[in-house]
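Letter by letter, the sequence shown follows residues 93 to 341 of our numbering.
Glycine included, each C-beta is placed from N, C-alpha and C at the ideal position.
Keep in mind that this is a model prediction, so the values were computed, not measured.
A quick write-up on the structure given underneath.
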Amino acid sequence: MELRGKKVIVTGGVRGLGRSMVDSLIAKEAVITVFDLNAAGLGDLSAEQPGVHCVECDVSNYDEVVKATTRYHEEFGATDVLINNAGILYSEPLVRISGSGVEMHDPATWNKVLAADLNSVFYMTSCVVAKMITTRTRGVIVNISSVSAGGNPGQSAYSAAKAGVNALTAVWAKELGPMGIRVIAVAPGFTETDSTKEALSEGVLRETTRRVPLRRLGKPEEIAHGVISVLENDFFNGKVFELDGGLIV
Ligand SMILES: NC(=O)c1ccc[n+]([C@@H]2O[C@H](COP(=O)([O-])OP(=O)(O)OC[C@H]3O[C@@H](n4cnc5c(N)ncnc54)[C@H](O)[C@@H]3O)[C@@H](O)[C@H]2O)c1
Numbered sequence: 093m094e095l096r097g098k099k100v101i102v103t104g105g106v107r108g109l110g111r112s113m114v115d116s117l118i119a120k121e122a123v124i125t126v127f128d129l130n131a132a133g134l135g136d137l138s139a140e141q142p143g144v145h146c147v148e149c150d151v152s153n154y155d156e157v158v159k160a161t162t163r164y165h166e167e168f169g170a171t172d173v174l175i176n177n178a179g180i181l182y183s184e185p186l187v188r189i190s191g192s193g194v195e196m197h198d199p200a201t202w203n204k205v206l207a208a209d210l211n212s213v214f215y216m217t218s219c220v221v222a223k224m225i226t227t228r229t230r231g232v233i234v235n236i237s238s239v240s241a242g243g244n245p246g247q248s249a250y251s252a253a254k255a256g257v258n259a260l261t262a263v264w265a266k267e268l269g270p271m272g273i274r275v276i277a278v279a280p281g282f283t284e285t286d287s288t289k290e291a292l293s294e295g296v297l298r299e300t301t302r303r304v305p306l307r308r309l310g311k312p313e314e315i316a317h318g319v320i321s322v323l324e325n326d327f328f329n330g331k332v333f334e335l336d337g338g339l340i341v
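Here you go:
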């Protein structure tokens with residue numbers, strides 16, 4: 093796919109990996125719209141990059157997604173590329189043994205992580221693909237997964253959500269391929285972002301870095317480069333592109 097002039101939605105594009113994807117897409121002269129729930133961040137992005145369209149939307153809320161995508165399609169006609177990047181990194185073990193007994197994983201946070209990291213992908217993709225089909229757009233869906241999809245101890249909800257994202261990628265690639273729509277997942281390993289620093293202690297980060305054959309974390313621009321590569325290669329479909337410095341080999 094030639095990205096110049098293509099209409100691209102990036103969810104969670106205000107900061108972190110999403111912001112890096114936005115910068116790479118600007119360099120490719122795509123027509124970019126960011127869906128994010130961070131209103132202040134959207135304001136800053138809009139001031140810095142006036143060419144980027146900013147939409148306040150909680151992508152884990154179905155009604156908001158329907159409203160925002162409907163308005164988007166009224167303005168832009170269709171979507172060529174959807175990057176489902178918005179999500180939250182969250183760690184909590186199934187049970188924690190403390191002085192006062194055994195503490196169980198909070199079901200409310202389980203639901204919150206599944207809503208942000210998995211339901212959002214289903215909501216956004218169904219709304220965007222319905223329009224792709226009625227407008228005969230041969231588009232691309234890129235789902236941002238994680239190497240944690242393989243099962244990371246201490247991350248029940250996050251790992252389950254990302255494994256779900258990988259499964260949906262395979263299902264949709266098979267369902268939508270005959271209509272010329274590609275569906276891809278990009279699974280970063282541990283990357284230098286604020287969310288990584290917020291979610292993992294310094295000790296865990298040091299230990300994780302030691303396990304990476306390259307002995308370093310990924311850079312957001314390296315993940316964005318991977319997203320651009322799979323978008324541009326028209327034969328890449330249905331697969332999970334792992335970008336983890338060799339962590340999982
Ligand atoms: N940082 C890493 O090391 C890493 C590794 C593997 C996978 N990932 C995945 O990459 C994606 C981006 O992660 P990041 O590290 O850049 O996170 P981040 O917290 O830096 O950025 C996430 C962005 O998504 C937005 N967002 C979150 N929930 C939202 C919602 N419900 N609706 C709309 N916007 C929402 C936030 O406002 C923020 O702008 C996530 O899906 C994450 O699981 C990150």
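Check: Is the beta carbon of residue 110 less than 8 Å from the beta carbon of residue 177?; Outcome: yes
Check: Please report the residue range of the alpha helix (DSSP H) in which residue 185 lies.; Outcome: Careful: residue 185 lies outside any alpha helix (DSSP H) and carries neither H nor E.
Check: Does the distance between the C-beta of residue 287 and the nearest non-hydrogen atom of ligand 1 fall short of 7 Å?; Outcome: yes
Check: Any heavy atom of ligand 1 closer than 7 Å to the Cβ of residue 181?; Outcome: yes
Check: Where does residue 174 fall in DSSP's three states?; Outcome: strand
Check: Answer yes or no: do residue 146 and residue 138 have a C-beta to C-beta separation smaller than 8 Å?; Outcome: yes
Check: Is the Cβ-Cβ distance between residue 256 and residue 186 less than 8 Å?; Outcome: no
Check: According to DSSP, what are the bridge partners of residue 195?; Outcome: 188
Check: Just to confirm, is the Cβ distance from residue 281 to residue 339 under 8 Å?; Outcome: yes
Check: Considering only their Cβ atoms, is the gap separating residue 278 from residue 264 smaller than 8 Å?; Outcome: no
Check: Find out if the Cβ-Cβ distance for the pair residue 237, residue 244 is shorter than 8 Å.; Outcome: no
Check: When every heavy atom of ligand 1 is checked, does at least one fall within less than 7 Å of the C-beta of residue 280?; Outcome: yes
Check: Would the beta-carbon of residue 242 be found less than 7 Å away from any heavy atom of ligand 1?; Outcome: no
Check: Could you give the uninterrupted runs of the alpha helix (DSSP H) lying entirely in the stretch 100-126, keeping only those of 4 residues or more?; Outcome: 108-119
Check: Short check: CB of residue 310 to CB of residue 261, under 8 Å?; Outcome: no
Check: Write down the C-beta distance between residue 122 and residue 106 rounded to the nearest angstrom, noting that I regard them as a contact closer than 8 Å.; Outcome: Actually they do not touch by this definition, with Cβ atoms about 17 Å apart.
Check: Find out if the Cβ-Cβ distance for the pair residue 314, residue 292 is shorter than 8 Å.; Outcome: no
Check: Leaving aside the five residues before and after residue 304 along the sequence, list all residues of the same chain whose C-beta is less than 8 Å from its C-beta, in chain order.; Outcome: 281, 282, 336, 337, 338, 339
Check: Pull up the distance between the alpha-carbon of residue 204 and that of residue 218, whole angstroms please.; Outcome: 20 Å
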